[in-house]
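What follows is a single structure, written as structure tokens, with notes after it.
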Amino acid sequence: MRFKISCLVVAALFFTVAAQDGIYGSFLIGQKFIDLQPLNDILEKQWDYNGNEFANNKWTFGGEGHLILAKRLVLGGRAFGVFDHRKFSTGGDSENTNIDDLSDLKLTAGMGIANIGFNLLPENRFGMHLYPMAGAGVQSFVFQAVTEIPEAERNFEDVLENNDDEMITMGKIGFVTDVSAGFDWYKPFENFFTIVPGLNVGLMAHFEIGYSFLPVKLKWRRDIDPGGVGQVEGGPDLQFSGLYMNLGFGLGLSPE
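The sequence shown begins at 932 in the working numbering and counts up by one.
Structure follows, in structure tokens:
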């Protein structure tokens, strides 16, 4: 029985290697619009935010990888996100919070998607691929408000003993679906050097545009584990969904 299973695994791997048109991966940088005004309004009301708002247009950073089987079937995944940091001080003047010197606000958001698609272009000497894709994965938002630790107390023992330091962390995480289109330009260095026997190494430029959807509205939690019990009612309706565009540069492996 084990021998039969081993043979099936070897046969499947052989078919995958023999049928593939290439394995590709790239680092991504892009732009995404996120409506953060509901969060800014709450911060302004709660802490006299002084106009130091989170911007709606965000640079995104991440990575993607995909392989093409039998010249047409595309399997892959991508993950990208944003990080924004705002620094200010209430100076203990706020009447609506018990944090004496709130100095750091941090917002992290992103998503990870697994995709399946179809390459529309036949094999060509320009190394171009064009493929619509559909996928599913997870998206998340994490918001942190951190009290700055006095410089005189910045050692391990003092931090453990100081019960006055406060850090608020709230987040939301959930299922997301996605439709997109990817375009590659790939140039192999034929017979230049070998990483994997039988495959050329090459440079790749990648562009993608997509739109992500949240099937259900996500709720904030003090514990962002979906199985946690720290659900928070209300809060701004933030979601890492909608239109996005990414540009990538990376490497590929293609048959010699």
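Ideal Cβ placement from N, Cα and C applies to all residues, glycine included.
### Query
Just how far apart, CA to CA, sit Leu-1061 and His-1137?
10 Å
### Message
Taking a contact to mean a Cβ-Cβ separation below 8 Å, would you say Glu-995 touches Gly-1183 in this structure?
### Response
no
### Query
By how many angstroms is the C-alpha of Gly-1007 removed from the C-alpha of Pro-1063?
12 Å
### Task
Quick one: residues in its chain with C-beta nearer than 8 Å to the C-beta of Glu-1187, no 5 flanking neighbours on either side, listed in chain order?
Glu-1121, Asn-1122, Gly-1129, Leu-1130, Asn-1131
### Query
Would the beta-carbon of Lys-963 fall within 8 Å of that of Lys-989?
Result yes, Cβ atoms of Lys-963 and Lys-989 sit closer than 8 Å.
### Message
What would DSSP say about Asp-972, mapped onto helix, strand or coil?
### Response
helix
### Task
Could you check the C-alpha separation between Ala-943 and Glu-1054 for me, to the nearest Å?
With a pLDDT of 48 at Ala-943, under the threshold of 50, the predicted position of this residue should be treated as unreliable, though the coordinate-derived value follows. One C-alpha to the other measures close to 23 Å.
#### Entry: Residue range of the unbroken beta strand (DSSP E) whose run includes Glu-995
988-1000
### Task
Within the same chain, show all residues whose beta-carbon is closer than 7 Å to that of Phe-1072, passing over the 5 residues directly before and after it, in chain order.
The residues are Ala-1040, Gly-1102, Lys-1103, Leu-1169, Phe-1171.
### Query
Rounded to a whole number of angstroms, what is the C-alpha to C-alpha distance between Glu-1164 and Ile-999?
45 Å
### Query
Is the distance from the Cβ of Gly-1105 to the Cβ of Val-1069 below 8 Å?
yes
### Query
Quick one: Cα of Leu-974 to Cα of Ser-1185, how far?
Between Leu-974 and Ser-1185, the alpha-carbon positions lie close to 51 Å from each other.
### For Leu-1130, the first and last residue of its enclosing beta strand (DSSP E)
1130-1144
#### Entry: Integer-rounded CB distance, given that Gly-1141 should sit under 8 Å from Val-1107
11 Å between Cβ atoms; not a contact.
### Query
For Lys-1118, which residues does DSSP report across the bridge?
Leu-1134
### Query
Roughly how far, in whole angstroms, is the beta-carbon of Asn-1177 from the beta-carbon of Leu-959, given that I think they are within contact range, below 8 Å?
4 Å
### Query
Mapping DSSP to helix, strand and coil, what is Gln-977?
helix
### Message
Please state the DSSP three-state secondary structure of Ser-1172.
### Response
coil
### Query
Between the C-alpha atoms of Gly-1181 and Ile-954, what's the straight-line distance to the nearest angstrom?
11 Å
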